[in-house]
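Chains as they are written, first to last, in the working numbering: chain A, 1 to 488; chain B, 1001 to 1095; chain C, 2001 to 2482. Ideal placement from N, C-alpha and C gives every residue a C-beta, glycine not left out. One structure is given here, and the rest of the page talks about it.
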Amino acid sequence: MELYKLTAHELKAKLDNGEASCVDIVNAVFEHIKNTDDKVGGFVTQTKQHALNKAKDIDKRIKAKEKLSPIAGIPIAVKDNMCTKGTVTTCSSRILENYIPPYNATVVEKIEEAGAIMIGKTNMDEFAMGSSTENSAFKVTKNPWDLETVPGGSSGGSAAVVSANETILALGSDTGGSIRQPAAFCGVVGLKPTYGRVSRYGLIAFASSLDQIGPLTKDVTDCATLLGVISGDDEKDSTSINAPVPDYRKLLVNNVKGTKIGVVKELMGKGISEGVKKAVKEAIKKLESLGASVEEVSMPTFEYGVPTYYLLATAEASSNLARYDGVKYGHRSSSRQDILTMYNETRREGFGPEVKRRIMLGTYALSAGYYDAYYLKAQKVRTLIKNDFDKAFIRFDVLISPTTPTVAFKVGEKVDDPLSMYLSDIATIPVNLAGIPAISVPCGFSDNMPIGLQIIGKAFDEATILRVAYTYEQNTEWHKSKVKLTAA
Amino acid sequence: MAISKKDVEHISKLARLGMTEEEKDLFTEQLSKILDYAETINKLDTEKVAPTSHAVPVKNVLREDKTEKFRDTKAIIAGAPEEENNMFSVPRILE
Amino acid sequence: MDYETVIGLEIHAQLLTESKIFCGCSTKFGDPPNTNICPVCTGQPGALPVLNKKAVDFAIKTALALNCRKIEGISIFARKNYFYPDLPKNYQISQYELPLAEHGYLEVTVAGTRKKISIKRVHLEEDAGKLVHKGASGIRGADHSNVDLNRTGVPLMEIVSEPDIRSPEEARIYMEELRRILVYLGVCDGNMEEGSLRCDANISLRPVGSKGLGVKTEVKNMNSFRAIQHALNSEMKRQKEVLDEGGKIVQETRLYNDETNDTVSMRSKEEAHDYRYFPEPDLVPLEIDRAWAEEIGKTIGEMPVKKRERYLKEFGLPEHDVSVILADRELAAFFEESVRLLNKPKAISNWVIGDISAHLNEKKIAISKANITPEQLVELIKLIENGTISGKLAKDVLAKVLDTGKNVNDIVSESGLTQISDEGEIVRIVKDVIKANPKPVADYRSGKQTASAFLVGQIMKATKGRANPDIVNKLLKQELAQ
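Structural data, given as structure tokens:
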């Protein structure tokens, strides 16, 4: 029995009935990582000793018949932009290559408290800026379905390790699609919660008004479970919301009868590949056959999502990344005759080209004389996009679209064309701008590469998108398809 | 509206991003393209539209005026690239 | 050409909260470097700010005391972006477009005339850290610097005046009054030398009668009231000279040097700052409603200006007394309670601003911590008035009360310091002294008035200072006349 291939809920059953121990699970996972990660390259740091120690502890507590969280004893990988006290946290950037946070992110505290076993930190696009994980300063993670393609980004490492069974659960972050797009590319489940649902304290900021942490898992059940653990108000994060956390797992029912689904017209037309469209159309038919009522809905401001995002997110990022200056932590250049040189050289050496591009863009959008035309205008368009969603949600319970316009592209294919890379987020970005939740679930293949179905919900209505996703999943076989990684 | 190399130099100064000549040229080209694309938002009429600066409809998140000592101040200093007398040491500030 | 001086002042006041504005670190001054720090105030990756309610309360209180017309409503925090090593995030969380309060005023008296100086805005922001320069006495010539982040995140309140001030002296008076109010409200300790109250000025000249504004310069580094007046005087003169010679004023920042009593241009190669302000996404908007403002308003009580008027009129106290008492809110409360118990404001004031204040200053304590209550002070004064003790002896009694915390009456009876007012007892002693000192008596009777002083002294000595001096004088005169 290959424990590393199971889901968290399957493993919990084995732990509960004594069929397996946590130490067994952790060892199995690390054994598999040893055979796999040299090809996939999902991990930046592995924390094997910590994991084994924790596993031993959880085993003791299980033996003592303690009542534990459903993720106790389950290996989890954490994207390397969440602060883990005492363990290096890099954001896949040279400028934080040796940064050891003096504190834990709130979500890390929560999963630790629940007894989950952190096995390592995953690779990402530097500072979460990218859609392919090719912007990592350290390595390129490969898509386990085809090692010559990208896993997506920026949570490419987390998605890949879930897909390759190098972990059972993973955490990622999503600012413009960074959980959902890699989930789609890697054939796993990924959910971006409502803005404010999950604490951002300890999440190394990219765009403060858009960032959210969310689960990447093998199936919807695990997703609901993990979401329940990490959700909740945090007094350390002023933007986290004091709203009750439903029992997401319990609310998973196999039923969409009468659910009103709106299919986003602008995301089913040109710009979306035929293979993806076909799979999504079939998914829609499936949902209809299960009792959902489906209609087309037009979201005319969607086409302005990407340009709006690249003004707002970069503006916030340019300010959030100003702190990386070699003074207090991280990389400091050896060119340090005076502080100005130190600043300039530290940042030139420490940041990759995409990060520099976005800092420049953002600085420009905020600069004197341009603020109104760029930043302020973008904030207004953001309102219009939000209004489109508000209108749609009067008629519909959820909205549906492809998660991405294509399946995973080849490594190196879009690296020299930033704009074309940005356009891969066309379906996911508007969701972040509106602050609402969305999930991506596998819905088929095209050229043997996974396709993701995006289900978008109202603010704080994660329960409904999870139910629709669960129903779809339970009535299809996609979640049973597994990667076949050939030996080196 | 293309962005000029002079603009790029000005922004790189504001952002404290050292840049080689090649980088300046490359960025001038790339940023111009991106900005042209970003400017498509000007097609929309936003005269009567209020900007969304905060994603959450929440106000007045406040904390009590209580001191809470952070236990690991040493770990914060330990991260300093250069340290002197328990302070972060930096090169001379004036040229 | 006759010029009018136009001055606006920008004050930063450190607020007397226990913890910093966005985190729970202590605001205590003078602790060892980097001991009051945490991930938030050191700008660690991923850390987030949470606003201190007391800082807002203090700002509302100040805005009310400064008669601000706009307090209720929404205000927003904003990022002010610039790079400097004492600013860990390389942006300061401040307020820009929607400050906490606007459109207030402060009344000052200049050369006997009352005048209103308009206040443009009051807002909150965070303080930066401290730099210690090495290799030279200051930043010029230093080969490196060290950063202490204890001070980052201490709450600052910025108060900006309109350019209504018309002379350096007026600027000083405005600053003094503003300081008085802030200290009175208990929101700031007003210590300019330690930097808990800072002042920057904008100054320009314009031809008398014109309505526009001339080119202004910014003056910084004025660390005392005196410095403010001198610095602005110096800059005013300099600008006049430039304009008289037909030159133009360059908009720049000038630093005051209190040794040369002059300002020096801070001309640097750096361009003017582009702060790229935008709303702080990590904080939510602040909404102050009527209920909150009223709740704070109740804690203000009577404002210093009104109190001053009342003290002058009702109590008939001289200006000096009033200023001293009102400088300390608790002392003022003590004074008023004492007057309520015994309507002798001048007598009470004498003790309060005299011996009691001296004791507070010496021990560096507040009146609330001192061993004296309004009841006890009133008791002491009553004992003087009814002749139980002399005024001189009362000073000793008070000193003992302050030192030991014992009851006035207990101290008086214990120490046997009660005044002797019994005429029978005194006349006996007077007679004895007269008998024992024939020469001074003879001198006195032959016209040397001063000889009686010697005799009074002897009587006092015999009574250990306890004899009631008025009665002594009366009876001595009586006996000597015989």
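Interface flag, residue i vs chain B, CB-CB below 9 Å
| i | result |
| --- | --- |
| C:ARG2151 | no |
| A:LYS5 | no |
| A:TYR310 | yes |
| C:PHE2278 | yes |
| A:GLU19 | no |
| C:PRO2099 | no |
One or two residues paired with residue i in a DSSP bridge
| i | result |
| --- | --- |
| C:ARG2121 | C:GLU2102 and C:VAL2160 |
| C:ALA2467 | C:ILE2420 |
| A:VAL294 | A:ILE261 |
| C:TYR2091 | C:ASN2081 |
| C:LYS2070 | C:GLU2102 |
| A:LEU453 | A:PRO402 and A:VAL441 |
| B:GLN1030 | Answer by DSSP bridge pairing: none, since B:GLN1030 is not bridged. |
| B:LEU1062 | C:LEU2051 |
| B:GLU1084 | B:MET1087 |
Residue i classed as buried or exposed, judged by whether at least 16 other C-beta atoms fall within 10 angstroms
| i | result |
| --- | --- |
| C:LEU2475 | buried |
| C:LEU2360 | buried |
| A:GLN49 | exposed |
| C:GLU2381 | The sequence given here has Ile at residue 2381 of chain C, not Glu. Result: buried. |
| C:ASN2081 | buried |
| C:LYS2269 | At C:LYS2269 the pLDDT is 47, less than 50, meaning the model places this residue with poor confidence; the figure from the coordinates comes in the next sentence. Exposed: under 16 other Cβ atoms inside 10 Å. |
| C:LEU2213 | exposed |
| A:ALA488 | Only weak support is given to the placement of A:ALA488: the predicted model assigns it a pLDDT of 35, under 50, and the value that follows is read from those uncertain coordinates. A:ALA488 comes out exposed. |
| C:ASN2191 | exposed |
| C:PRO2155 | buried |
Opening and closing residue of the beta strand (DSSP E) in which residue i lies
| i | result |
| --- | --- |
| A:TYR375 | Note, A:TYR375: premise wrong, no beta strand (DSSP E); not H, not E. |
| C:ASP2078 | According to the sequence provided, residue 2078 of chain C is Ala. The question's Asp does not apply to it. That run of the beta strand (DSSP E) goes 2078-2081. |
| C:MET2175 | Unbroken run through C:MET2175 is the alpha helix (DSSP H), 2168-2185; no beta strand (DSSP E). |
| A:ALA438 | 438-446 |
| B:MET1087 | 1087-1091 |
| A:PRO75 | 75-79 |
| B:ILE1011 | Taken as a continuous stretch (DSSP letters only), B:ILE1011 belongs to no beta strand (DSSP E), being part of the alpha helix (DSSP H) at 1005-1014. |
| A:LYS121 | 117-122 |
Range of the contiguous alpha helix (DSSP H) that encloses residue i
| i | result |
| --- | --- |
| A:CYS22 | 22-40 |
| A:VAL415 | Premise fails: A:VAL415 is in no alpha helix (DSSP H) and is neither H nor E. |
| C:LEU2131 | It is not in any alpha helix (DSSP H) - C:LEU2131 instead sits in the beta strand (DSSP E) that spans 2130-2134. |
| A:LYS56 | 48-63 |
| C:GLY2297 | 2290-2300 |
| C:ASN2350 | 2345-2351 |
| A:ASN432 | 429-434 |
C-beta neighbour in chain C for residue i, strict 9 Å
| i | result |
| --- | --- |
| B:MET1019 | no |
| A:TYR375 | yes |
| B:ASP1065 | yes |
| B:GLU1084 | yes |
| B:ILE1003 | no |
| A:ALA487 | A caution first: A:ALA487 carries a pLDDT of 41, below 50, which makes its placement in the model too unreliable to give a value. |
| A:LYS328 | yes |
| A:ILE204 | yes |
| A:PRO193 | no |
| B:SER1089 | yes |
Within-9 Å CB hit, residue i to chain A
| i | result |
| --- | --- |
| C:ASN2090 | yes |
| C:PHE2083 | yes |
| B:GLU1022 | no |
| C:ASP2164 | no |
| task | Go through the segment 2391-2443 of chain C residue by residue and report every complete run of the alpha helix (DSSP H) that reaches 4 residues or more, in order. | result | 2391-2404, 2408-2414 and 2423-2436
| said: Which runs of the beta strand (DSSP E) at least 3 residues long sit entirely within the segment 2192-2257 of chain C? Give them in chain order. | reply: 2197-2207, 2217-2220 and 2253-2257
| query | Which full runs of the beta strand (DSSP E) of 3+ residues lie inside the segment 270-343 of chain A, going along the chain? | reply | 293-297
| said: Which complete alpha helix (DSSP H) runs does the segment 151-237 of chain A hold, if anything under 4 residues is left out? | reply: 156-163, 180-186 and 220-230
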